[in-house]
Amino acid sequence: MLVDDLKTFLGTSYAYFTKAWGFHWNVEGTNFGELHDFFAKVYEDTQDSIDKTAEFIRTTDEYAPGSLERFQELSQIAGQIKIPRSRLMLTELLADTQTMIDLSKQLFQSAQQEGREDIANFAAERQESHGKYAWQMTSYLKEARE
Ligand SMILES: [Fe+2]
0 MLVDDLKTFL
10 GTSYAYFTKA
20 WGFHWNVEGT
30 NFGELHDFFA
40 KVYEDTQDSI
50 DKTAEFIRTT
60 DEYAPGSLER
70 FQELSQIAGQ
80 IKIPRSRLML
90 TELLADTQTM
100 IDLSKQLFQS
110 AQQEGREDIA
120 NFAAERQESH
130 GKYAWQMTSY
140 LKEARE
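According to numbering that gives the first Met the number 0, the sequence shown holds residues 0 to 145 in order.
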């Protein structure tokens, strides 16, 4: 059901946002400046989408989950309580980004099935954003060609 997909998207986006924000704070190394800014871009964009997702839930006449406990129950990605090295941060967030892409596609399909083109457009935009982040993280992780 569309509203269930929206709730899953909300909880997972919250976990993803929190992880990117933590990585923004704690990243270290020679790429510090670039990665600090990159993780900021990811969490700021995701934060904006969280509000939109919750408000879409309200347009279905259901209440939006609004607690860390509920977000954790709903999230499809695990949190990170340790401080990984920058390369592991990228590897982990890349895998989570793939989950965000998969959830965006699922949301797009259920929105279309229920005639909610507004939500389908939003889901397509999320797929585009996360697709860009996946490309950028993959590029960071690749060894430079000689
Ligand atoms: Fe900051």
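No residue lacks a Cβ here, since even glycine has one placed at the ideal position from N, Cα and C. These numbers come from a predicted model, not from an experiment.
Not one heavy atom of ligand 1 falls within 7 Å of the beta-carbon of residue 133.
DSSP places residue 57 inside the alpha helix (DSSP H), whose first and last residues are 31-58.
For the alpha helix (DSSP H) assignment, the uninterrupted runs of no fewer than 4 residues enclosed by the segment 74-126 are, from N- to C-terminal side, 85-112. Per DSSP, reduced to three states, the secondary structure at residue 6 is helical. Close CB contacts of residue 98 within its chain, under the 6 Å cut and outside five residues either way in sequence, are with 75 and 76 (chain order). Straight across, the Cα-Cα distance linking residue 110 with residue 64 is about 19 Å. Taking the CA atoms as reference points, residue 94 sits about 33 Å from residue 60.
Around residue 103, the same chain offers 8, 122, 123, 125, 126 and 129 as residues with beta carbons nearer than 8 Å, after the five sequence neighbours per side are excluded. Closer than 7 Å to some heavy atom of ligand 1: that does not describe the Cβ of residue 19.
Of all alpha-carbon atoms in 72, 117 and 91, the one lying nearest the alpha-carbon of residue 80 is that of 91. In this structure, residue 13 lies away from residue 55, with their beta-carbon atoms at least 8 Å apart.
In this structure, residue 37 lies away from residue 105, with their beta-carbon atoms at least 8 Å apart. Relative to the non-hydrogen atoms of ligand 1, the Cβ of residue 129 never comes closer than 7 Å to any of them.
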